[in-house]
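Peer 1: Position one of the sequence shown corresponds to residue 87 (the numbering used here), numbered consecutively onward.
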Amino acid sequence: MGLAYNEVDVVQPPRLRAGDEVRLVAPGGPAIRRDAEAIRARLEGLGLRVSAGAYTFQESETHRAEDLNRALRDPGVRALVAVRGDRREHRIVNRLDFNTAAAHPKLFIAGGDGAIVHLALWERAGLAGLRGDPAGAFGAEPVTLVSDPKAPTGELTTTGRARGVLLGGDQDQVAAAAGWVLPSLSGAILLLEGDGLAAGRIDRQLTMLRNAGRLDGLRGVAVGRYTDCGPGVLDVLHDWCGALSVPLIGGLDGENLPVGTMAELDADAGTLTVDAAVS
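1. Alpha carbons only, please: which of Gly200, Asn185, Asp325 and Ala329 is nearest the one belonging to Arg305?
2. For Phe194, which three-state DSSP category applies?
3. I think Trp326 touches Leu358, with their Cβ atoms under 8 angstroms apart; what is that distance to the nearest whole Å?
4. Given a cut-off of 8 angstroms on the beta-carbon distance, is the pair Ala353 and Thr244 in contact?
5. Which residue marks the beginning of the beta strand (DSSP E) containing Ile275, and which one marks its end?
6. Let me know if Glu209 comes out buried or exposed under the rule of 16 or more other beta-carbons within 10 Å of its beta-carbon.
7. Quick check: the Cα distance between Ile118 and Val163, rounded to an integer number of angstroms?
8. Per DSSP, which residues does Gly38 bridge with? Please list them.
9. Are there any heavy atoms of the ligand NAP lying less than 7 angstroms away from the beta-carbon of Leu334, as far as the coordinates show?
10. Which residues in the same chain as Leu271 place their Cβ atom closer than 7 angstroms to its Cβ, once the five residues preceding and following it in sequence are excluded?
11. Do Pro113 and Leu154 have their beta-carbon atoms positioned less than 8 angstroms apart in this structure?
12. What's the call for Leu102, buried or exposed, on a 16-neighbour Cβ count within 10 Å?
13. Can you tell me which of Ser137, Pro99 and Gly282 puts its alpha carbon nearest to the alpha carbon of Gly225?
14. Would you give the residue range spanned by the beta strand (DSSP E) that Ala349 belongs to?
15. Starting from the Cα of Gly315, find the closest Cα among Asp289, Phe184 and Glu130 and give me that residue.
16. Which runs of the alpha helix (DSSP H) at least 4 residues long sit entirely within the segment 162-192? Give them in chain order.
17. If Val97 and Ala168 are in contact, beta carbons under 8 angstroms, what's the gap, nearest whole angstrom?
18. Take every Cβ of the segment 227-245, pair it with every Cβ of the segment 261-275, and state whether three or more of those distances are shorter than 8 angstroms.
19. Who are the Cβ neighbours of Leu351 in its own chain at under 7 angstroms, not counting the five residues just before and after it?
20. State buried or exposed for Asp258, treating a residue as buried only when at least 16 other CB atoms are found within 10 Å of its CB.
21. In angstroms with no decimal places, state the Cα-to-Cα distance between Ala206 and Leu110.
22. Tell me which residues share the same chain as Ala223 and place their Cβ nearer than 8 angstroms to its Cβ, disregarding the 5 neighbours each side in the sequence.
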């Protein structure tokens with residue numbers, strides 16, 4: 087993909103309907119069985135038929151990548167739903183069949199640990215995706231998040247408005263994607279969150295992204311939760327986000343959110359409104 091984002095045609099896969107088949111996959115490592123069972127129950131409760139990749143619980147990265155590709159190529163499968171593994175999604179991303187993903191769009195649904203897969207599918211195939219609850223795959227209405235000023239990152243909120251494609255997610259995976267599957271962020275709104283990242287690591291990653299030119303042209307920043315990150319994190323984020331001189335909204339719960347679609351950030355109102363991931 088080139089520079090995003092007012093001109094690019096975002097590919098929104100078809101919305102899900104009761105009776106559709108969805109495939110459980112494990113891009114990040116062998117699935118945790120209790121998580122897989124919980125996700126299956128949730129999907130079946132939504133009226134979906136659930137199948138599982140043959141290697142969902144296997145260690146082999148080659149086999150788990152093949153599971154994703156089989157799902158992408160299977161005309162009966164309408165969406166891929168990631169089961170939590172070992173956060174090793176980056177190990178298999180370059181093995182995905184992006185040509186098929188572009189030719190036959192399917193929705194990829196994953197939590198924050200699937201950020202690098204979402205980024206790769208957008209960068210290589212223009213595909214929007216969905217974070218969190220698969221219930222969001224049934225309707226094409228925009229999603230609006232409201233900032234919680236009492237949340238730790240709520241104090242980062244500035245003023246102003248911005249519009250652009252929402253890209254990003256887990257900061258660790260955004261940084262890992264730089265140089266190969268991180269789309270251009272020029273004209274985009276960057277979503278940032280983190281888990282278990284010390285302040286020094288956050289600082290080093292943001293420094294790398296800046297010095298590599300990957301933050302050039304940002305229109306806005308949306309900040310979610312930084313959990314189990316220790317002291318000093320807000321100081322680092324204050325310094326970095328302030329230096330970008332773009333509208334910023336913090337205090338967001340980005341667990342259930344489309345990514346890769348147009349978004350409107352209104353820091354004055356404390357809202358982030360994102361177009362649906364599906365058509």
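Positions of the beta carbon are idealized from the N, C-alpha and C atoms, including for glycine. Here the structure is a predicted model, which means the values were calculated and not measured.
Peer 2: Reading from the atomic positions:
1. Ala329
2. strand
3. The Cβ separation is near 19 angstroms, so there is no contact.
4. Cβ atoms of Ala353 and Thr244: closer than 8 angstroms.
5. Ala274 to Asp281
6. buried
7. In a straight line, the C-alpha of Ile118 is about 22 angstroms away from that of Val163.
8. Nothing can be reported for residue 38: it is not among the residues displayed for the chain, which extend from 87 to 365.
9. Judged by which ligands are present, the structure shown has none, so any question about the ligand NAP falls away.
10. Leu253, Arg300, Leu301, Gly303 and Leu304
11. yes
12. buried
13. Of Ser137, Pro99 and Gly282, the residue nearest in Cα terms is Pro99.
14. Met348 to Asp352
15. The amino acid at residue 315 is misidentified as Gly; the sequence shows Cys. It is Asp289 whose Cα lies nearest to the Cα of Cys315.
16. 184-189
17. That pair is no contact at about 19 angstroms.
18. Using a C-beta cut-off of 8 angstroms, the segment 227-245 makes no contact with the segment 261-275, since fewer than three inter-stretch Cβ pairs fall below that distance.
19. Arg247, Ala248, Ile275, Gly306, Ala308, Pro333, Ile335 and Leu358
20. buried
21. Spanning the two alpha carbons is a distance of roughly 19 angstroms.
22. A distance below 8 angstroms between beta-carbons, with the five flanking residues on each side excluded, links Ala223 to the following residues of its chain, in chain order: Arg101, Leu102, Ala165, Leu193, Ile195, Leu216, Ala363 and Val364.
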